[in-house]
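Engineer: I have a structure I would like to understand better, so I am pasting it below and will then ask my questions one at a time.
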Amino acid sequence: MKLFSTQIVVPVDSNSVLQGALEVKHVLEETIARFNLSSQVSVVETGALGIYDQGVVLAVFPDDVYYGGVKPTDVEEIVTEHLLKGRIVSRLAIDRNLSSRRLVEKETGLSQQKIVLRNAGLIDPQSIDEYIARDGYAALAKALAMQPGEVIQILTDSKLQGRGGAGFPTGLKWGMVAEEQSDEKYIVCNADEGEPGTFKDRLILEGDPHSIVEAMTIAAYATGAHVGIVYVRGEYFMSIARLKKAIKDATEYGLLGKDILGTGFQFDIEVYRGGGAYVCGEEFAMLESIENRRGEPRNKPPFPPQHGLFGKPTVVNNVETFANVPPILLNGSDWFKSFGTPSSAGTKVFSLSGDIVNRGIVEAPFGVTLRELVYTFGGGVKGGKHIGFIQTGGSAGTVLSDKYLDIPLDFASMKAYNVSIGSGVILVASNDVPLLPFLAEVAHFFWHESCGKCTPCREGTLQIKAIMDSLVNRTADPASLQRLGMLQNLLSDTSFCGLGQAVPLAFESALRNFPEVFDQALAESHVPEASPEEA
Amino acid sequence: MELDNVTRPADQPQPLSDEDRCFLRELVETNRVDHHGRLSYMDIMFDLEHHYGNSLPGPVLGEVARLAETSPAQLNGFVTFYTMLSTTPRGKHVIRVCTSGPCHVSGSPAILSSLRRLLGVDIGETTPDGEFTLEGSSCLGICGVSPVLMIDDDAYGNLTADDLPRILDAKRSGGAQ
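These protein sequence lines map, in sequence, to chains A and B.
Taking my numbering, the leading residue of the first sequence gets 182, the next gets one more, and so forth.
Taking my numbering, the leading residue of the second sequence gets 8, the next gets one more, and so forth.
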């Protein structure tokens, strides 16, 4: 075994690749070889660190020095100065407190706060050995030594709730599937991440794919399933490739397949790809898509735990939900409940985007405030500007003003203050961004993504889009806002699935928090004369 | 039944060759093995688009429907539901510009109008030389570096309008890269 005195970690994920991470890594390896350091310095690829506005980041261990904005032309300086002479290149060094892991630790004074992203940025996601070295598959081994009912009990006690947006208790869901008598059951991982502004599942899959493989296998053991399916967005090429490699490696190690860890338990995982349809994030639409049909939702009830994929009992969980499972089994439910708030145990992974200094992924305990997310983790609004509006929870989420900055984000306050967390989107727009064109884009999004199965959603999204466009173009008629209000009630009350029901959230909250913007657009509007053929 | 003796206009999909049929049979069977006896239409369709130049010709879908033991109408219903798939011919490269919220806030409207001008086509159209099809897209999930676009399987982030001519030229001449 080779022993290296220094290790340089390069985060490689779809965001950092776009900033040139692979070129930097390549030049780094070449330069290290040229200076004859290959026997002492190793270059390691890892998953996302979670910060993107620092360009390509290199971390040098054990020196614990982080370099940001590294260009291929900077590499030689780092090698000759830092590696050869031990002098830190201060021009490129960044404050490692920017790393979200450090911030979360600082926040509560606890050292193990990064639950979901525990391995991202620390291990090579394509190495099963590195995953195992960080307690990987230990939770599976522990689960297989227990009764299935005990596994479910730990999850139920942990109060883990689904992280896809609906917040359904995970232990309860697994228990329902375990109770069903059926020759076949399925474990489905929903990785059809499509909520605009969400990119956490992508980074979990790219940074720690084995955590999903392990958690799905635990779910299978607990509920008595033998087939697992991960439904990944079609555009997520790197996620798909890393997941497939993880499945292959786990199978070779006897951690998946016929006789898992010698217990006789059998479980296999397949990867299915999405085709670019937002509605397939809805669990039944996704199951339809896996069954080779149009991704249209089914009637509820019965729900997937009773009548899911191919009509069999099915567990459907989000990527982030699954990623919580192995640490809960290893550390116990009380440990998990020590994070977060009474209504919401554990952490949430937030995706920060828009006009924010540090765009990226942050994992923080429930109860964190928007102010902490935007200013402490996110570094504030770009260019020192003020917040215009914040959209939380995605396009199917709420549009908020800066009055909401100090509300703790958890499932209870969501209800109390009409703030949605959804999939954890925090989209910040500075006061330079006009609200109405943004909302028109949201309306356009829903009109485009409505599957067309039910009339309220298919026609309602078209009408909302027309009203928003008329407000932007200042051609709105005086009754527009009344009609918008009526459409909102109609969609939330009568749409067939969650997509249509959630459409009004953005418009309703924008009307509530920024009424003056709508009033001004109405005041400035001139209804165009109807053309002869329309009249 | 295939009407082999009918002469079809040159711009219409032509009947399948024996080579096509052989390719399709193999593709469907490999997919069945990969999915433990089931099929994933989506994987098949992505492979077909790759093979037939970014779209799915009618006769090909007809043959796949036969091999998958479903009706052409059923398969057509599937294909037309998903925005990544297309039954109408597209250019050599498909440009997907994200227009969703985060990219909108960081400047996607300007990116889109620059692309319209540079290519001389609107959303959903293909350039006359058959190189590029311009498409708007919902969130691509790389919001950490917005505004973003994808050309074929490659993503580009932190875009400004000035970056676009270089990106298009590289695609035009280089093909894969």
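Even for Gly, the Cβ is constructed at its ideal location relative to N, Cα and C.
Find the residues of chain A that neighbour I149(B), judging by a C-beta separation of less than 8 Å, and give them in chain order.
Structural biologist: Per Cβ cutoff of 8 Å: S195, N196, L199, F380, R383.
Engineer: Identify whether H100(B) lies in helix, strand or coil by the three-state DSSP scheme.
Structural biologist: Looking at H100(B) - three-state DSSP - the assignment turns out to be strand.
Engineer: Just to confirm my understanding: we take H100(B), look at its own chain, exclude 5 residues before and 5 after, and list those with CB closer than 7 Å. What are they?
Structural biologist: Around H100(B): E138, F139, I158, D159, K178.
Engineer: Distance cutoff 8 Å, beta carbons only. Does F418(A) sit that close to anything in chain B?
Structural biologist: With 8 Å as the cut-off, F418(A) counts as an interface residue toward chain B.
Engineer: Using the Cβ count rule (16 or more neighbours within 10 Å means buried), how would you classify A660(A)?
Structural biologist: The residue in question, A660(A), is exposed, as its Cβ has fewer than 16 Cβ neighbours within 10 Å.
Engineer: Anything in the region 48–72 of chain B with a Cβ closer than 8 Å to a Cβ of chain A? List those residues in chain order, please.
Structural biologist: Against chain A - using a Cβ distance shorter than 8 Å - the residues of the region 48–72 of chain B are Y48, M49, D50, M52, F53.
Engineer: Per the contact definition of three or more C-beta pairs closer than 8 Å, is the region 562–578 of chain A in contact with the region 665–676 of chain A?
Structural biologist: The region 665–676 of chain A, when compared against the region 562–578 of chain A, does not touch it at the 8 Å Cβ threshold.
Engineer: Below 8 Å on the Cβ atoms is my guess for R655(A) versus K529(A); work out the distance and round it to an integer in Å.
Structural biologist: With a Cβ gap of about 40 Å, R655(A) and K529(A) do not count as contacting.
Engineer: Between the Cα of L122(B) and those of I51(B), P109(B), L141(B), spot the shortest distance and give me the residue it belongs to.
Structural biologist: Comparing Cα-Cα distances from L122(B) to each of I51(B), P109(B), L141(B), the minimum goes to L141(B).
Engineer: Kindly list, in the order they appear in chain B, the residues whose Cβ is closer than 7 Å to that of L608(A).
Structural biologist: Under the 7 Å cutoff, chain B gives G108, P109, V112.
Engineer: Between M357(A) and Q487(A), what straight-line distance do the alpha-carbon atoms span, to the nearest angstrom?
Structural biologist: Cα to Cα, the separation comes out at about 8 Å.
Engineer: Identify whether C146(B) lies in helix, strand or coil by the three-state DSSP scheme.
Structural biologist: Looking at C146(B) - three-state DSSP - the assignment turns out to be coil, as it is neither helix nor strand.
Engineer: Cutting at 6 Å between CB atoms, please list the residues of its own chain near L652(A), excluding the five before and the five after it.
Structural biologist: L617, A702, listed in sequence order.
Engineer: Does the beta-carbon of C29(B) have 16 or more other beta-carbons within 10 angstroms, so that it is buried, or is it exposed?
Structural biologist: Its Cβ having fewer than 16 others within 10 Å, C29(B) is exposed.
Engineer: Would you please state the rounded distance, in angstroms, between the beta carbons of L92(B) and G456(A)? I believe it to be under 8 Å.
Structural biologist: Rounded, the Cβ-Cβ distance is 6 Å, consistent with contact.
Engineer: Count the other CB atoms within 10 Å of the CB of F619(A); is the residue buried (16 or more) or exposed (fewer)?
Structural biologist: With 16 or more other Cβ atoms within 10 Å, it is buried.
Engineer: For S767(A), count the other beta carbons within 10 Å of its own beta carbon; 16 or more makes it buried, fewer makes it exposed. Which is it?
Structural biologist: Shown here, chain A extends from 182 to 716; a query on residue 767(A) therefore has no answer.
Engineer: Bridge partners of A274(A), per DSSP?
Structural biologist: According to DSSP, A274(A) bridges with Y248(A).
Engineer: What residues from chain A crowd round V35(B), counting only those whose CB sits closer than 9 Å?
Structural biologist: Simply none; closest approach about 12 Å.
Engineer: Taking the beta strand (DSSP E) that T77(B) falls in, what are its first and last residues?
Structural biologist: Note, T77(B): premise wrong, no beta strand (DSSP E); not H, not E.
Engineer: Taking only beta-carbon atoms, is A545(A) less than 8 Å away from chain B?
Structural biologist: Not an interface residue.
Engineer: For Q200(A), which residues does DSSP report across the bridge?
Structural biologist: None; Q200(A) has no bridge partner.
Engineer: If you reduce the DSSP assignment to three classes, tell me which class L161(B) lands in.
Structural biologist: Contrary to the premise, residue 161(B) reads as Asp rather than Leu in this sequence. In the structure shown, D161(B) sits in a strand (DSSP, three-state: E or B).
Engineer: Taking Cβ positions only, does S308(A) come closer than 8 Å to chain B?
Structural biologist: No, its Cβ sits nowhere closer than 8 Å to a Cβ of chain B.
Engineer: For Q487(A), does the three-state DSSP call read helix, strand or coil?
Structural biologist: Correct three-state label for Q487(A): helix.
Engineer: Exposed or buried, G346(A), counting other C-beta atoms within 10 Å across all chains shown (16 or more means buried)?
Structural biologist: Label assigned to G346(A): buried.
Engineer: Can you list, in chain order, the residues of its chain whose CB lies under 7 Å from that of P79(B), leaving out five sequence neighbours each side?
Structural biologist: Here the set comprises L68, G69, A72.
Engineer: Which residues, taken in chain order from the region 128–147 of chain B, show a beta carbon closer than 9 Å to some beta carbon of chain A?
Structural biologist: Under the 9 Å Cβ criterion, the region 128–147 of chain B contributes G143, S144, S145, C146, L147.
Engineer: For chain A, check one thing: does any of its Cβ atoms lie closer than 8 Å to the Cβ of S153(B)?
Structural biologist: Chain A, which has a Cβ nearer than 8 Å to the Cβ of S153(B), makes this yes.
Engineer: For a contact meaning CB atoms closer than 8 Å, what does R160(B) contact in chain A?
Structural biologist: Here residue 160(B) turns out to be Asp, not Arg, going by the sequence shown. Ordered by position in chain A, the residues that pass the 8 Å Cβ test against D160(B) are F418.
Engineer: Would you verify that the beta carbon of D626(A) is, or is not, closer than 8 Å to some beta carbon of chain B?
Structural biologist: One detail in the question is off: residue 626(A) reads as Phe in this sequence, not Asp. Yes, F626(A) lies at the interface with chain B (some Cβ there is under 8 Å from its Cβ).
Engineer: What residue does the alpha helix (DSSP H) around F418(A) start on, and which one ends it?
Structural biologist: Counting along the chain, the alpha helix (DSSP H) containing F418(A) begins and ends at 418–433.
Engineer: Determine the direct distance from the alpha carbon of N300(A) to that of R315(A), and round the result to whole angstroms.
Structural biologist: Each residue's alpha carbon lies about 8 Å from the other.
Engineer: Around the Cβ of V40(B), are there at least 16 other Cβ atoms within 10 angstroms (buried) or fewer (exposed)?
Structural biologist: Answer is exposed; the Cβ neighbour count stays below 16.
Engineer: So which residues on chain B does S532(A) lean against when the C-beta distance must stay under 7 Å?
Structural biologist: Per Cβ cutoff of 7 Å: C150.
Engineer: Going by C-alpha distance, which of G548(A), A577(A), F547(A), L533(A) is nearest Y556(A)?
Structural biologist: The candidate whose alpha carbon is nearest that of Y556(A) is L533(A).
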